[in-house]
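Colleague:
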Amino acid sequence: MRKRTSLVAGALVVLSLVISGCTGGSTDGSGDDAIDAVKIGSSAVTTLDYTKSNVGYGSGLGSLMLEPLLIIDADGELQPWLAESWKQPKPTVYEYHLRDGVTFSDGTKLTAQDVVFSYDYYRGDGSANSYNFPSSLRSIEAVDDRTVRVTLNEPNAAWAVVPARSQLGIFSKAFYDANRSSFGQPGTGVIGTGPWALAEFDPTSQATLTANSAYWGGAPDIQKVDWTFFSTDTSAAIAFRSGELDVYFPDENRAFSSTAGTELIAVPGAGDTGNFVMNVLVKPWNDVHVRRAVAMALDRAALVEAWGGFAEPADYFIPPTLLQQLGTADEVKTALADVPTNAFDLNAAKAEMAASAYPEGVKVTIAVADFGDSYSNVSQAIVAQLAAIGITAELKAESSEENTALALGADRTAILAQYATYGAVSADPGDAFNYAIGSANATKGNWNGTNWSNDKVDRLIGEGFATNDPAKRLSIYAQMNNEFAVNVPSVPLFQFKETLALSDSLQWTGFDALWTSRGPWLLGITPKS
Amino acid sequence: MSGVSASTTMSEAVSTRGTGRRRRRRAAPQFIIVCCFVFIAVVVLFAVTGSLLAPQDPSVQNLSNITAAPSAEHLLGTDALGRDTLSRLIAGTGSAFVGPLVIALGSFLIGNLLGLLAGYRGGRVDSLIMRWIDLMWAIPSLLILVVVAGVVGASYWPTVLILVVLTVPLDARVVRGATLEQMPRPYVEAAKTVGVSDRRIMWLHIWPNVAPISVANTFLVFAGSVGILASLSFLGLGVPPGKPDWGLMLAENQPLLFVQPLACLAPAVLIILTATSMTVIGDWAYERLSEEGPR
Amino acid sequence: MSAVTVTEPVGERRQLSDRWPILLFIVRRLAAMVVMLALVSFLVFSLVHLAPGNPVDALLGQKPRTPETVAALTAQFHLDRPFLEQYAIWASGALRFDFGTAIQSGLPVMTQIASRLPVSIALGIFAFLLTMIVGVGLGILAAMRRGRTADRVTTASVVVGLSTPTFVAAILLLYVFAVLLSWFPAYGKGSGGLDTLWHLTLPAIALALGSCAYVVKHTRAAMIDVLDQDYITFARARGLSRTRILLTYSLRNALIPVITIGGVVLGGLIVGAVLVEVTFSIQGIGQLLVQSAGAKDLPVIQGVTMLIGVLIISINLCADVIYMLVDPRLRLGRR
Chain E
1 MRKRTSLVAG
11 ALVVLSLVIS
21 GCTGGSTDGS
31 GDDAIDAVKI
41 GSSAVTTLDY
51 TKSNVGYGSG
61 LGSLMLEPLL
71 IIDADGELQP
81 WLAESWKQPK
91 PTVYEYHLRD
101 GVTFSDGTKL
111 TAQDVVFSYD
121 YYRGDGSANS
131 YNFPSSLRSI
141 EAVDDRTVRV
151 TLNEPNAAWA
161 VVPARSQLGI
171 FSKAFYDANR
181 SSFGQPGTGV
191 IGTGPWALAE
201 FDPTSQATLT
211 ANSAYWGGAP
221 DIQKVDWTFF
231 STDTSAAIAF
241 RSGELDVYFP
251 DENRAFSSTA
261 GTELIAVPGA
271 GDTGNFVMNV
281 LVKPWNDVHV
291 RRAVAMALDR
301 AALVEAWGGF
311 AEPADYFIPP
321 TLLQQLGTAD
331 EVKTALADVP
341 TNAFDLNAAK
351 AEMAASAYPE
361 GVKVTIAVAD
371 FGDSYSNVSQ
381 AIVAQLAAIG
391 ITAELKAESS
401 EENTALALGA
411 DRTAILAQYA
421 TYGAVSADPG
431 DAFNYAIGSA
441 NATKGNWNGT
451 NWSNDKVDRL
461 IGEGFATNDP
471 AKRLSIYAQM
481 NNEFAVNVPS
491 VPLFQFKETL
501 ALSDSLQWTG
511 FDALWTSRGP
521 WLLGITPKS
Chain V
1001 MSGVSASTTM
1011 SEAVSTRGTG
1021 RRRRRRAAPQ
1031 FIIVCCFVFI
1041 AVVVLFAVTG
1051 SLLAPQDPSV
1061 QNLSNITAAP
1071 SAEHLLGTDA
1081 LGRDTLSRLI
1091 AGTGSAFVGP
1101 LVIALGSFLI
1111 GNLLGLLAGY
1121 RGGRVDSLIM
1131 RWIDLMWAIP
1141 SLLILVVVAG
1151 VVGASYWPTV
1161 LILVVLTVPL
1171 DARVVRGATL
1181 EQMPRPYVEA
1191 AKTVGVSDRR
1201 IMWLHIWPNV
1211 APISVANTFL
1221 VFAGSVGILA
1231 SLSFLGLGVP
1241 PGKPDWGLML
1251 AENQPLLFVQ
1261 PLACLAPAVL
1271 IILTATSMTV
1281 IGDWAYERLS
1291 EEGPR
Chain B
2001 MSAVTVTEPV
2011 GERRQLSDRW
2021 PILLFIVRRL
2031 AAMVVMLALV
2041 SFLVFSLVHL
2051 APGNPVDALL
2061 GQKPRTPETV
2071 AALTAQFHLD
2081 RPFLEQYAIW
2091 ASGALRFDFG
2101 TAIQSGLPVM
2111 TQIASRLPVS
2121 IALGIFAFLL
2131 TMIVGVGLGI
2141 LAAMRRGRTA
2151 DRVTTASVVV
2161 GLSTPTFVAA
2171 ILLLYVFAVL
2181 LSWFPAYGKG
2191 SGGLDTLWHL
2201 TLPAIALALG
2211 SCAYVVKHTR
2221 AAMIDVLDQD
2231 YITFARARGL
2241 SRTRILLTYS
2251 LRNALIPVIT
2261 IGGVVLGGLI
2271 VGAVLVEVTF
2281 SIQGIGQLLV
2291 QSAGAKDLPV
2301 IQGVTMLIGV
2311 LIISINLCAD
2321 VIYMLVDPRL
2331 RLGRR
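First to last, the sequence lines map onto chains E, V and B. In terms of this note's numbering, the first sequence opens at residue 1 and continues consecutively. In terms of this note's numbering, the second sequence opens at residue 1001 and continues consecutively. In terms of this note's numbering, the third sequence opens at residue 2001 and continues consecutively.
(1) Between which residues of its own chain and E/Ala522 is the CB-CB distance below 6 Å, once the five residues before and five after are set aside?
(2) Measure how close the beta-carbons of V/Val1175 and V/Gly1115 come, nearest whole angstrom, since I'm counting them as under 8 Å.
(3) Nearest chain E C-beta to B/Gln2062 closer than 8 Å, yes or no?
(4) Out of E/Pro470, E/Met480, E/Ser517, E/Ala34, state which residue places its alpha-carbon closest to the alpha-carbon of E/Asp221.
(5) Mind listing which residues of the region 2181 to 2195 of chain B have their C-beta closer than 8 Å to chain D's C-betas, in chain order?
(6) Could you tell me the alpha carbon to alpha carbon distance between V/Val1239 and B/Val2276, rounded to whole angstroms?
(7) Per DSSP, which one or two residues make a beta bridge with V/Gln1260?
(8) Which residues in chain V have a C-beta closer than 8 Å to the C-beta of E/Ser379? List them in chain order.
(9) Taking the alpha helix (DSSP H) that V/Leu1161 belongs to, which residues open and close that run?
(10) Of all the CB atoms in chain B, is at least one closer than 8 Å to the CB of V/Gly1227?
(11) When you compare only the Cα positions, how much space is there between B/Val2321 and V/Ser1127?
(12) So which residues on chain B does E/Pro429 lean against when the C-beta distance must stay under 8 Å?
(13) Can you pull out the residues from the region 2258 to 2279 of chain B whose beta carbon lies closer than 9 Å to at least one beta carbon of chain V?
(14) Does DSSP classify B/Arg2238 as helix, strand or coil?
(15) When we look at the beta-carbon of B/Arg2028 and count the other beta-carbons within 10 Å, is it buried (16 or more) or exposed?
(16) Could you work out which residue in B/Val2044, B/Leu2023, B/Leu2197, B/Ile2205 is closest to B/Leu2289 when comparing CA atoms only?
(17) What's the C-alpha gap between V/Leu1081 and E/Trp307?
(18) Using a Cβ cut-off of 8 Å, pull out every chain E residue sitting near B/Asp2057, in sequence order please.
(19) Less than 7 Å between the CB of E/Arg138 and some heavy atom of the ligand GDP, yes or no?
(20) Is there a Cβ of chain E sitting closer than 8 Å to that of V/Ile1110, yes or no?
(21) Going along the chain, which residues of its own chain have a beta-carbon closer than 8 Å to the beta-carbon of E/Ala485, five neighbours each way excluded?
(22) Starting from the C-beta of V/Arg1021, find all residues in its chain whose C-beta is less than 8 Å away, skip the five residues before and the five after it, and write them out in chain order.
(23) Comparing the C-beta of B/Tyr2175 with each C-beta of chain V, is any distance below 8 Å?
(24) So, is E/Thr328 buried or exposed, given that buried needs 16 or more other C-beta atoms within 10 angstroms?
(25) Is DSSP giving B/Tyr2187 helix, strand or coil here?
(26) Taking three-plus beta-carbon pairs below 8 Å as touching, is the region 2186 to 2193 of chain B in contact with the region 2213 to 2220 of chain B?
(27) What's the gap between the Cα of V/Leu1204 and the Cα of B/Phe2234?
(28) Taking DSSP's pairing of strands, which residues face E/Gly274 in a bridge?
(29) Given 8 Å as the limit, is there contact between the region 1208 to 1227 of chain V and the region 1095 to 1104 of chain V, that is, 3 or more CB pairs closer than that?
(30) How many Å lie between V/Arg1200 and B/Pro2082 at the Cα?
(31) Given E/Lys350, which residues of its chain have a CB within under 6 Å of its CB, disregarding the five upstream and five downstream residues?
(32) Measuring straight from C-alpha to C-alpha, what distance separates E/Val237 and E/Phe256?
(33) Along chain E, which residues have their Cβ under 9 Å away from the Cβ of B/Gln2302?
(34) Could you tell me if E/Lys333 is buried or exposed, where buried requires 16 or more neighbouring beta carbons within 10 angstroms of its beta carbon?
(35) In three-state DSSP terms, what is E/Trp81?
(36) Which residue wins for smallest C-alpha separation from E/Asp177, given the options E/Gly169, E/Leu168, E/Gln167, E/Thr188?
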């Protein structure tokens, strides 16, 4: 099968140089150091046009070709990537200065116009990617060939990390202009500045990428990437077991691990959390005592097991890992010291139930959408645990579309209580879950499924973005966590770990939760010494 | 194939030359038939009593004892939520048996009515039913169910209902064919001449001759429905999560094939056994009825 | 079922062929097919329309969205138009063989179907060949050895084969041959040529199992029927060799009804393929249907349903025509 040549002597050094944004240490990766091919898998990617579908970048495939302006390093700090430097001359203005000598894989030069065009394309009407841009964004313009200026209507602290999002990879404007109708589709694909270029793309089975020898960071050591699309984690696991797959990011972790016969690499997650969400507009969830009882009746550690492991019990709405963007672990701990955690305590839960309008217990319906076995398992476990405090729950299966339609619908009372995953859409602690909180989002087309908010939370949301002072922001988000803990519109259950299945012959020393914010992440994978 | 083939089998079996020599093929050795009856009897027993006879509560989870291997406490091990596999199999008998039963009986009743009517009266009733059958042939039932269930998000009883609607024309076709075959027989002519009412001729004279094939067909429809309902549960389009159901167990426990294969293989075997037993009993019933029938 | 002779029982076909020549019959059936497809497409369209959820939500997924994006996409897919107008837009395109653009991928539906069709066709043909070759072979064997062990084993396997749902067979095969023994790959379609054949072996067996049992049963019945005929007894009495009798007399006559069930078998294979493709992770037409049904991707659902409808109706039509051509009684317009 795969022929593995001897390991790359200087690869790690090169990598660390590349990751820290240094262009000086460019080396020739071909020759003896090269790896012939790496086999990666993901769920199907139908198009690489990010405005058409937001699946492409989620899988990690797009990042190998399209690079962002900035990346986030292991410490959570922004680092240069396509932009070698940036500044904020005014609170509402950001300027990015592009690296010199960067070319697209077709040999043309990267200019500021490409960046402006890509950003404008992504945020256009009808783009599935437009949610990445805050509404306060006024304009993106090219000051000169190598300088991009972003102007906001009002200061927004969350903008800083936007250029590091993997969804916002820069593509060639000239290539787009030449292939307007088929851009991103099979047969045409995309052209970016990344270390690999698309050679073949068939959404029904696989994509092939080949090394871009003119890559600005030096030709990559991995000569070829065979990317296979799987319809289920199970089939990917079987492929992994038979050695037909080297790299995979599973969802159904425990099942994948046992089927693939491999230990998964698991690192603390970036901030995605699993929550039990209650719609406060309907009975019995409008009773805060019921919600508190639920919070204390749910045994997080057991629910982690039901989920299939690979998660840590969670205590706060905005996880401390995200808050550490704004301060050290100790500072975060101090800030959260007074926030109640509603820890598992059946007696206290029963007492709350007794104090509620339903001391004799109550019947409820809980929705479970078809997002996979883990969702179904954890929902069933929640039903079992709620029975202990007299809440008799019945599960109602919803298709994922029905679920989404209800969650976003105009009739806010139609949303059922359910287990839901809150994805952190940004590395910024304020921006990460901003789409799911506040009264502005408890409306048609928005994601606040609890429909709960209060004046204080609404005020804190605005205040959090209005300042750049980390200490001030930390205090604001600690107060927000307190509001959520006291009013319990949702119960934080656990925080996901980031998982990876990696073949025994490879290693990825820098793998962490922010791997998608690291540009062409595959540069981090090397043969095992 | 499953249901599709099962239903077509019968329609094919309606010979155009039914008066010909009856082929003797003992449906199956006696003891196999007995085994099938015993097995179905056990299934019926569990379907009626539900989880009462289960060694443990099928829905009780034990998250500290997940995917356990078979032991004295859990004869078939436990699943991903630490529930007893054997108890869930027993509790799942209900949905595995009742749905197919409703489908088989429902399509038996309606199918016989329409089939007899179409065969006996011909004309507009006949061509209407034939168009319906053609439509069902054009888009087979499983595809309709996949679209309906995928789009609407089906649950158990609506699916059963749709299956009745989809199976009726196939049943009707079988009965119609058999009726058409009886029509030219002298006894029909004779009954007409002496002024017996059409209704009496249809039900008291023709139907008894059609019954063997129709009854046997019902068993096949049952066997096919077991497969189709399980297939839908397997695709996540049948019963809601948490309900013990063989098809759903197969789907849920498929990832456990490497850790606890019994959790996945046991429902698979039960599905096959149930469908096979029903087919064998159907064969047997056909032979008995057509031997004793008033032919 | 008991071994009764196998022939297509539908009386209407006979009557038609009696009255009209075959060509007219085909034309009439083709016209009926168009009407039927229109009916089915309207049915599916209404169903998807009535169901909760909408394709834009499915497209944007569990992500925040801006109202402008939702509005633009809604307009792009004509979802803001009245129901009948939406159908008219689709139908006028379909008449020109333009099935529109898939909502999920943004690709033309035809392109998407075309890219998935080859593997489904390969799987279908593979399974069909398996079914017919193994099925007819075993059927003849069982008939020739009537009442003996070979016959009993075959007959028993037929009952089990007919009763095993395709997906159960698929899982069992997957477990035994791909997982326990690792003889065959467990997923995907391979990289073309022999590799694809190797990848499709297990799925094809799983798919062929049920229909194979069906063919065995019918071949056996038809063969036994023929073997009991007077002309065979006569041929035997004349001292003709077993092989000669088998080839010249029995096989030819026994295969007539078997050919005609080929249509039913192919139709069943197309449906069964949905489950097999899902189990073995083969990205074919069946999986496309399941995925797009989940995402309410109407253009794709419609495209695939039409394709399968046309396929099955044409197969049935072909089977009828072949039946008319090979059965001398029908060809001569007599009963």
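Backbone N, C-alpha and C define an ideal beta-carbon position, used for all residues, glycine too.
Modeller: A quick look at the data gives this:
(1) Taking the first residue of the first sequence as position 1, residue 522 of chain E is located at position 522. According to the sequence as given, residue 522 of chain E is Leu; it is not Ala. Leu64.
(2) Here the question's residue 1175 of chain V lines up with position 175 in the second sequence. Here the question's residue 1115 of chain V lines up with position 115 in the second sequence. Confirmed, Cβ separation roughly 3 Å.
(3) Counted from its first residue, the third sequence places residue 2062 of chain B at position 62. With 8 Å as the cut-off, B/Gln2062 counts as an interface residue toward chain E.
(4) Translated into the one-based positions of the first sequence, residue 221 of chain E becomes position 221. Looking only at E/Pro470, E/Met480, E/Ser517, E/Ala34, the smallest Cα-Cα distance to E/Asp221 is reached by E/Ala34.
(5) In the displayed structure, chain D is absent; the protein chains listed are E, V and B.
(6) Residue numbering aside, residue 1239 of chain V sits at position 239 when the second sequence is read from its first letter. Residue numbering aside, residue 2276 of chain B sits at position 276 when the third sequence is read from its first letter. Across the structure, V/Val1239 and B/Val2276 are spaced so that their CA atoms are roughly 21 Å apart.
(7) As a first step, residue 1260 of chain V must be located in the second sequence, where it is residue number 260. Note: V/Gln1260 is not bridge-paired with any residue in the DSSP secondary-structure output.
(8) If you number the first sequence from 1, residue 379 of chain E lands on position 379. Chain-ordered, the chain V residues with CB closer than 8 Å to the CB of E/Ser379 read Pro1241, Gly1242.
(9) On the second sequence, position 161 is the one that residue 1161 of chain V refers to. Counting along the chain, V/Leu1161 sits inside the alpha helix (DSSP H) bounded by residues 1156 to 1182.
(10) In the second sequence, counting from the first residue as 1, residue 1227 of chain V sits at position 227. By this cut-off, V/Gly1227 is an interface position.
(11) Here residue 2321 of chain B refers to the residue found at position 321 of the third sequence. Here residue 1127 of chain V refers to the residue found at position 127 of the second sequence. B/Val2321 and V/Ser1127 have their alpha carbons spaced roughly 21 Å apart.
(12) Looking up residue 429 of chain E in the first sequence gives position 429. Near E/Pro429 there are no residues of chain B at all, since even the closest Cβ is about 16 Å away, more than 8 Å.
(13) Residues passing the 9 Å Cβ filter: Ile2261, Val2264, Val2265, Gly2267, Gly2268, Leu2269, Ile2270, Val2271, Gly2272, Val2274, Leu2275, Val2278, Thr2279.
(14) Here residue 2238 of chain B refers to the residue found at position 238 when the third sequence is read from its first residue. Of the three classes helix, strand and coil, the one that applies to B/Arg2238 here is coil, per DSSP.
(15) Numbered from its first residue, the third sequence carries residue 2028 of chain B at position 28. Exposed.
(16) If you number the third sequence from 1, residue 2289 of chain B lands on position 289. When each option's Cα is compared against that of B/Leu2289, the closest is B/Val2044.
(17) Within the second sequence, the letter at position 81 stands for residue 1081 of chain V. Within the first sequence, the letter at position 307 stands for residue 307 of chain E. Spanning the two alpha carbons is a distance of roughly 9 Å.
(18) Walking along the third sequence from the start, residue 2057 of chain B turns up at place 57. Residues of chain E with a Cβ closer than 8 Å to the Cβ of B/Asp2057 are, in chain order, Glu401, Thr404, Ala405, Leu408.
(19) This structure simply doesn't include the ligand GDP, nor any ligand for that matter.
(20) Numbered from its first residue, the second sequence carries residue 1110 of chain V at position 110. No - not a single Cβ of chain E is within 8 Å of the one on V/Ile1110.
(21) The sequence position of residue 485 of chain E within the first sequence is 485, counting from 1. Once the five neighbours on either side are set aside, the close Cβ partners of E/Ala485 are Tyr316, Phe317, Val339, Pro340, Thr341, Asn342.
(22) The count along the second sequence starts at 1 and reaches residue 1021 of chain V at position 21. Confidence is the limiting factor: at V/Arg1021 the pLDDT is only 39, short of 50, which leaves the residue's position unreliable, though a coordinate-based value still follows. By the criterion of a C-beta distance shorter than 8 Å, V/Arg1021 is surrounded by no residue of its chain, once the five residues flanking it on both sides are discounted.
(23) Counting from one through the third sequence, the residue named residue 2175 of chain B turns up at place 175. Chain V, which has a Cβ nearer than 8 Å to the Cβ of B/Tyr2175, makes this yes.
(24) On the first sequence, residue 328 of chain E is found 328 positions in, with the first residue counted as 1. E/Thr328 is exposed by the Cβ-count criterion.
(25) In the third sequence, counting from the first residue as 1, residue 2187 of chain B sits at position 187. Three-state result, B/Tyr2187: coil.
(26) The region 2186 to 2193 of chain B is not in contact with the region 2213 to 2220 of chain B.
(27) In the second sequence, counting from the first residue as 1, residue 1204 of chain V sits at position 204. In the third sequence, counting from the first residue as 1, residue 2234 of chain B sits at position 234. If I take the Cα positions, the gap works out to 43 Å.
(28) Indexing the first sequence from 1 puts residue 274 of chain E at position 274. Answer is E/Thr421, E/Phe494, bridged to E/Gly274.
(29) Yes, the region 1208 to 1227 of chain V touches the region 1095 to 1104 of chain V.
(30) Position 200 of the second sequence, counted from the first residue, corresponds to residue 1200 of chain V. Position 82 of the third sequence, counted from the first residue, corresponds to residue 2082 of chain B. Their Cα atoms are separated by approximately 52 Å.
(31) Locating residue 350 of chain E in the first sequence gives position 350, where the first residue counts as 1. Taken in chain order, the residues that qualify are Ile389.
(32) Within the first sequence, numbered from 1, the residue matching residue 237 of chain E stands at position 237. Within the first sequence, numbered from 1, the residue matching residue 256 of chain E stands at position 256. Checking the sequence, you will find Ala at residue 237 of chain E rather than Val. E/Ala237 and E/Phe256 have their alpha carbons spaced roughly 5 Å apart.
(33) Taking the third sequence and counting its residues from 1, one reaches residue 2302 of chain B at position 302. Within chain E, no residue has its CB atom less than 9 Å from the CB of B/Gln2302, the nearest being about 17 Å off.
(34) Within the first sequence, numbered from 1, the residue matching residue 333 of chain E stands at position 333. E/Lys333 sits exposed, since fewer than 16 C-beta atoms from the chains shown fall within 10 Å of its C-beta.
(35) For the purposes of this step, residue 81 of chain E is taken as residue 81 along the first sequence, with counting starting at 1. If DSSP states are grouped into helix, strand and coil, E/Trp81 belongs with coil.
(36) Taking the first sequence and counting its residues from 1, one reaches residue 177 of chain E at position 177. Nearest of E/Gly169, E/Leu168, E/Gln167, E/Thr188 to E/Asp177, Cα basis: E/Thr188.
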